[in-house]
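Enquirer:
Protein chains: 2
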Amino acid sequence: MRMGESVEWGLHCCVTLGWLADRGPVSIRRLAAWFDLPQEYLKKRLQPLARAGILGSSPGVHGGWSLARSPDEITVMDVVTALEGAVEPFRCAEIRRRGVGARGAGPEFDRPCGVTTVMRRAELAWRRELAAHTIAELMASPESAERTRRNYERMIASVVE
Amino acid sequence: MRMGESVEWGLHCCVTLGWLADRGPVSIRRLAAWFDLPQEYLKKRLQPLARAGILGSSPGVHGGWSLARSPDEITVMDVVTALEGAVEPFRCAEIRRRGVGARGAGPEFDRPCGVTTVMRRAELAWRRELAAHTIAELMASPESAERTRRNYERMIASVVE
DNA sequence: GCGTGACTACTCGGATAGGCTGTGTCCGAGTAAGTGGGG
DNA sequence: CCCCACTTACTCGGACACAGCCTATCCGAGTAGTCACGC
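First to last, the sequence lines map onto chains A and B. Throughout, this note's numbering is defined as the position within the first sequence, counted from one, plus 610. Throughout, this note's numbering is defined as the position within the second sequence, counted from one, plus 610.
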């Protein structure tokens, strides 16, 4: 059980775009070079973030990607949900209702089974933790922000890449 | 992101085997019929539980599966870990160290990045919740236990199946 | 009565196959800014 | 001087290929009870 690698991509892209917000939109080409990621696939994975209203993209010659709302209004949960869909680590197939064991079922089948309940609670704890942290918090490293801006200038300056 | 279906199987099997503990071991054939599951595959998925010391299996004509320790000493986390391996929903690929963005990296790369930290905390909350509940708790439904024992008797009595 | 061997009903572990999902690539279409030529 | 067409650098969305994991099945080997046979 593991979530896709693109969740890490999405979060780091959000943080970086937050740091570079005043530089205008960042093209997918530069973003891919920034993290050394496959450009075409990264583009594909950012699109759901745009649909979710987290990132915005503008076409045209000076177009690119940027945050669509304030970093403190984007939770980590938002990004995960946008990228992984309606996350449900444990999906109950209700096997208790099947086979011989289900015969003579009482009203207990109207309530969710204990297994499901425990899994749901764990899932909720996980979700709550993710919803408690925002992109703004992840941006809170002055050195990293500074270095990012410096590197970005250098990247733009160099004709190659 | 989703965990395998066999986690549900494993947990329900543990609970049922707990209820039927005084009936001796239950053969994989009966267990599969109980939940209407594919017998061969269920067998394969129970084996890791045996290796983890959660279930025990005895060969021979009256052999079968049973709990290897007391139900209140088996946490839901134990079962999940045994079936899914060392669970790590979020695996950090350290993309921040790659590409142009990593140039001029300071000592901040010695510490795990913010993204990883948040994901780890969420993961921990999830794990803690799973570790807080045992098979014994899941067994705590007298009606279900009673119905299970009745159905099991009937199942043994009927020659077919 | 008792030992021995065959039979039966189980488990264990490896080999193999199909399907789904995440990863990755490619291509045509659309859009906005810059550029250059003609009125 | 201004308008329009062209080029350029982007994004959008769909189609497609590949790999890894989960699900599922099959088979040979091992083990423990049971049973019958012969001494």
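Built from N, CA and C at the ideal position, the CB exists for glycine as well.
Under 8 Å by Cβ, that's how I've got I664 of chain B and A643 of chain B pegged, so tell me the actual separation to the nearest angstrom.
Expert: The residue given as residue 664 of chain B occupies position 54 in the second sequence. The residue given as residue 643 of chain B occupies position 33 in the second sequence. The Cβ separation is near 22 Å, so there is no contact.
Enquirer: Less than 8 Å between CB atoms is the rule here; does W629 of chain A satisfy it with respect to chain B?
Expert: One-based indexing of the first sequence puts residue 629 of chain A at position 19. No, its Cβ sits nowhere closer than 8 Å to a Cβ of chain B.
Enquirer: Examine the Cβ distances between the stretch 683-701 of chain A and the stretch 612-619 of chain B and report whether three or more of them are shorter than 8 Å.
Expert: The stretch 683-701 of chain A vs the stretch 612-619 of chain B: in contact.
Enquirer: For S667 of chain A, write down the residues that DSSP places opposite it in a beta bridge.
Expert: Reading the first sequence from its first residue, position 57 is the one you call residue 667 of chain A. DSSP output for S667 of chain A lists A:W675 as bridge partner(s).
Enquirer: Would G711 of chain A count as contacting chain B if we go by Cβ distances under 8 Å?
Expert: Here residue 711 of chain A corresponds to residue number 101 of the first sequence, with the count starting at 1. Judged by the 8 Å Cβ criterion, G711 of chain A is in contact with chain B.
Enquirer: Measuring CB to CB, does H743 of chain B end up less than 8 Å from V690 of chain B?
Expert: Taking the second sequence and counting its residues from 1, one reaches residue 743 of chain B at position 133. Taking the second sequence and counting its residues from 1, one reaches residue 690 of chain B at position 80. Cβ atoms of H743 of chain B and V690 of chain B: not closer than 8 Å.
Enquirer: To the nearest angstrom, report how far apart E771 of chain A and R737 of chain A are at their CA atoms.
Expert: In the first sequence, the residue the question calls residue 771 of chain A occupies position 161. In the first sequence, the residue the question calls residue 737 of chain A occupies position 127. Its pLDDT being 46, under 50, E771 of chain A is placed unreliably by the model, and the measurement read from it follows with that caveat. Looking at the two C-alpha atoms, the distance is approximately 39 Å.
Enquirer: Just the C-alpha distance for R732 of chain B and L740 of chain A, rounded to the nearest angstrom, thanks.
Expert: The residue labelled residue 732 of chain B in the question sits at position 122 within the second sequence. The residue labelled residue 740 of chain A in the question sits at position 130 within the first sequence. The question names Arg, but residue 732 of chain B in the sequence shown is Ala. So the alpha carbons of these two residues sit roughly 6 Å apart.
Enquirer: Give the straight-line distance between the Cα atoms of S754 of chain B and E718 of chain A, rounded to the nearest whole angstrom.
Expert: Within the second sequence, numbered from 1, the residue matching residue 754 of chain B stands at position 144. Within the first sequence, numbered from 1, the residue matching residue 718 of chain A stands at position 108. The straight-line gap from Cα to Cα measures roughly 8 Å.
Enquirer: Counting Cβ pairs, one atom from each stretch, are 3 or more of them under 8 Å apart for the stretch 707-723 of chain A and the stretch 754-765 of chain B?
Expert: yes
Enquirer: Taking Cβ positions only, does L659 of chain A come closer than 8 Å to chain B?
Expert: As a position in the first sequence, residue 659 of chain A is number 49, starting the count at 1. Answer no: the Cβ-Cβ gap between L659 of chain A and chain B never drops below 8 Å.
Enquirer: Exposed or buried, what is R706 of chain B when buried is set at 16 or more other beta-carbons lying within 10 Å of its beta-carbon?
Expert: The sequence position of residue 706 of chain B within the second sequence is 96, counting from 1. Buried: at least 16 other Cβ atoms inside 10 Å.
Enquirer: What are the residues in the stretch 744-764 of chain A lying within 9 Å of chain B by C-beta distance?
Expert: E747, L748, M749, A750, S751, E753, S754, R757, T758, R760, N761, Y762 and R764
Enquirer: If the cut is a Cβ gap below 9 Å, which residues of chain B does E683 of chain A touch?
Expert: Mapped onto the first sequence, residue 683 of chain A falls at position 73. Under the 9 Å cutoff, chain B gives no residues; its nearest Cβ is about 16 Å from E683 of chain A.
Enquirer: Would you mind giving the Cβ-Cβ distance between A735 of chain A and A735 of chain B, rounded to the nearest angstrom? I have them listed as a contact below 8 Å.
Expert: Taking the first sequence and counting its residues from 1, one reaches residue 735 of chain A at position 125. Taking the second sequence and counting its residues from 1, one reaches residue 735 of chain B at position 125. Separation of the CB atoms of A735 of chain A and A735 of chain B is rounded to 4 Å, and the pair is thereby assigned contact status at 8 Å.
Enquirer: Is A662 of chain B close to chain A? Criterion is C-beta to C-beta, closer than 8 Å.
Expert: For the purposes of this step, residue 662 of chain B is taken as residue 52 along the second sequence, with counting starting at 1. Closer than 8 Å: no.
Enquirer: Would you kindly check if the distance between the Cβ of V636 of chain A and the Cβ of L627 of chain A is under 8 Å?
Expert: In the first sequence, counting from the first residue as 1, residue 627 of chain A sits at position 17. In the first sequence, counting from the first residue as 1, residue 636 of chain A sits at position 26. In this structure, V636 of chain A lies closer than 8 Å to L627 of chain A by Cβ.
Enquirer: What's the gap between the Cα of C723 of chain B and the Cα of A715 of chain B?
Expert: Position 113 of the second sequence, counting from 1, holds the residue named residue 723 of chain B. Position 105 of the second sequence, counting from 1, holds the residue named residue 715 of chain B. Each residue's alpha carbon lies about 13 Å from the other.
Enquirer: Go to C624 of chain B, then tell me how far its alpha helix (DSSP H) extends in each direction, as first and last residue.
Expert: As a position in the second sequence, residue 624 of chain B is number 14, starting the count at 1. That run of the alpha helix (DSSP H) goes S616 to W629.
Enquirer: Let me confirm a value: V671 of chain B is counted as buried when at least 16 other C-beta atoms fall within 10 Å, else exposed. Which label applies?
Expert: The residue you call residue 671 of chain B lines up with position 61 of the second sequence. Around the beta-carbon of V671 of chain B, fewer than 16 other beta-carbon atoms lie within 10 Å, marking it exposed.
Enquirer: Only counting runs of 4 or more residues, tell me where the alpha helix (DSSP H) segments fall wholly within the stretch 677-733 of chain A, in order along the chain.
Expert: 686-694
Enquirer: Could you tell me whether the Cβ of L647 of chain B comes closer than 8 Å to any Cβ of chain A?
Expert: Counted from its first residue, the second sequence places residue 647 of chain B at position 37. It does: the Cβ of L647 of chain B has a partner Cβ on chain A nearer than 8 Å.
Enquirer: Are any of the Cβ atoms in chain B nearer than 8 Å to that of V686 of chain A?
Expert: On the first sequence, position 76 is the one that residue 686 of chain A refers to. It does: the Cβ of V686 of chain A has a partner Cβ on chain B nearer than 8 Å.
Enquirer: Whole angstroms are fine: how far does the CA of P669 of chain A sit from the CA of P634 of chain A?
Expert: Counted from its first residue, the first sequence places residue 634 of chain A at position 24. Counted from its first residue, the first sequence places residue 669 of chain A at position 59. First, the residue type needs correcting, since residue 634 of chain A is Gly and not Pro in the sequence shown. About 13 Å.
Enquirer: So the alpha helix (DSSP H) S754 of chain B belongs to, where does it begin and stop?
Expert: If you number the second sequence from 1, residue 754 of chain B lands on position 144. Its alpha helix (DSSP H) spans residues P752 to A767.
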